[in-house]
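Notes follow once the structure below has been shown.
In the working numbering, the protein residues as written are 29 to 219.
Shown next, in the form of structure tokens:
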């Protein structure tokens with residue numbers, strides 16, 4: 029059974045789907061929906077970028093050391109300890125899961141030996157993307173990992189303190205602080 033002709037014709041003031049006015053409206057609405065979706069999607073767009081703070085999953089020192097051990101990553105501290113409140117220790121308490129995974133990604137992608145010399149312990153510079161907040165790890169400055177960083181990532185200039193920096197395709201920042209690599213993990217680096 030066919031619907032009545034009155035249902036097939038546009039009402040007064042309405043636009044038919046195939047008319048130029050209807051097509052233009054559809055294009056505008058689609059573009060607006062795409063723009064708003066990109067703008068407000070977590071981790072992308074203008075409001076949520078790779079460097080915007082999002083709720084991070086925190087892990088314990090024990091979980092981090094287990095992850096590092098399973099990947100062949102070593103760690104050391106000048107004090108031979110892991111107390112988060114002692115600046116001579118290397119602690120992973122409250123490390124972001126993405127930072128631990130980022131270290132694992134660096135290890136597997138580079139094939140280099142990695143030794144972590146700084147974690148979430150007190151004594152580092154503050155800020156949102158700091159060691160204390162779980163975003164940063166320091167690595168010993170071995171030739172292999174240095175060559176990998178410099179030949180794989182994009183040089184982006186010097187930091188405010190003069191440290192030269194490289195940025196990975198994932199958006200993580202590798203700063204050469206002279207005697208170690210200071211790495212800011214915004215994400216796991218493609219884990």
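Note that the Cβ used here is the ideal one computed from N, Cα and C, for glycine as well.
Just so we're clear, the structure is a prediction, and the values are computed from it rather than from any experiment.
What residue range does the alpha helix (DSSP H) around residue i cover?
i: residue 179; result: 171-180
i: residue 145; result: Taken as a continuous stretch (DSSP letters only), residue 145 belongs to no alpha helix (DSSP H), being part of the beta strand (DSSP E) at 143-146.
i: residue 203; result: Residue 203 -> not in any alpha helix (DSSP H); beta strand (DSSP E) instead, spanning 201-204.
i: residue 89; result: 89-99
With a cut-off of 8 Å on the beta carbons, I'd call residue i and residue j a contact; round off their distance for me.
i: residue 105; j: residue 89; result: With a Cβ gap of about 12 Å, residue 105 and residue 89 do not count as contacting.
i: residue 132; j: residue 168; result: Not really, about 16 Å apart at Cβ, beyond 8 Å.
i: residue 220; j: residue 172; result: It is not possible to answer for residue 220, since the shown part of the chain is limited to 29 through 219.
i: residue 198; j: residue 215; result: 6 Å
i: residue 107; j: residue 114; result: 6 Å
Ends of the beta strand (DSSP E) at residue i?
i: residue 129; result: No beta strand (DSSP E) holds residue 129; the alpha helix (DSSP H) holding it covers 125-138.
i: residue 85; result: From DSSP, residue 85 is part of no beta strand (DSSP E); its letter is neither H nor E.
i: residue 168; result: 164-168
i: residue 192; result: 192-195
i: residue 212; result: 208-212
For residue i, is the classification buried or exposed, using 16 other Cβ atoms within 10 angstroms of its Cβ as the cut-off for buried?
i: residue 219; result: exposed
i: residue 203; result: buried
i: residue 217; result: buried
i: residue 210; result: buried
i: residue 58; result: Confidence at residue 58 is low in this model, with a pLDDT of 40, below 50, so its placement is unreliable and no value can be given for it.
i: residue 153; result: exposed
i: residue 212; result: buried
i: residue 183; result: exposed
i: residue 94; result: exposed
i: residue 136; result: exposed
i: residue 97; result: exposed
i: residue 196; result: buried
i: residue 200; result: buried
i: residue 83; result: exposed
i: residue 151; result: exposed
i: residue 206; result: exposed
Quick check: the stretch 158-166 against the stretch 113-128, are at least 3 beta-carbon pairs closer than 8 Å?
yes
Stretch-stretch touch, CB-based, cutoff 8 Å, three pairs: the stretch 112-122 with the stretch 143-159:
yes
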